[in-house]
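Have a look at the structure below, then the notes.
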Amino acid sequence: MSDTTTRGVRILVKPSYLPDQSEPGSSRYLFAYHITIRNEGAETVQLLTRHWVITNGEGRVEEVRGPGVVGQQPVLKPGEAFEYTSGCPLNTPVGTMHGSFQMVTADGLPFDARIDPFRLAVPRALN
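Per this note's numbering, the sequence shown starts with residue 13, numbered consecutively.
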């Protein structure tokens, strides 16, 4: 789990392992992550782009950048929230993700809303 607030934009992440879509014998592990973006600030903001840093259990890093999330660039007024679920494949049973969403205020001021690191792990893989 990850819970980070930047300039009033709170980002909560809840990851989960998807065993039905994974193939451990082929080193394919699929994880889902549910994101809640909540505007707890006093100004309207819009999500423009995303940047993810994905690290597998062997330390290999992959970066993903792109416009919006799940095909959208949501505008959040104070008190509003946006939720979505996406996925991440790994070739190891453990990894991490962190990143940021580039946001812009209604006045045109850009800022990066941080997403603190969270762990992707097959249950009992770390015991």
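We treat Cβ as the ideally placed atom computed from N, Cα and C, and that holds for glycine.
Being a predicted model, the structure only gives us computed values, none of them experimental.
Burial is judged here by how many other beta carbons sit within 10 angstroms of a residue's own beta carbon; R62 has at least 16 and is buried. For M109, the number of other beta carbons within 10 angstroms of its own is at least 16, and it is reported as buried. According to the DSSP secondary-structure assignment, A54 is paired through a beta bridge with no residue.
Contact annotation: A93 and R40 have beta-carbon atoms that are not nearer than 8 Å. About 6 Å separates the CB atoms of Q58 and Q85; that is less than 8 Å, so the two are in contact.
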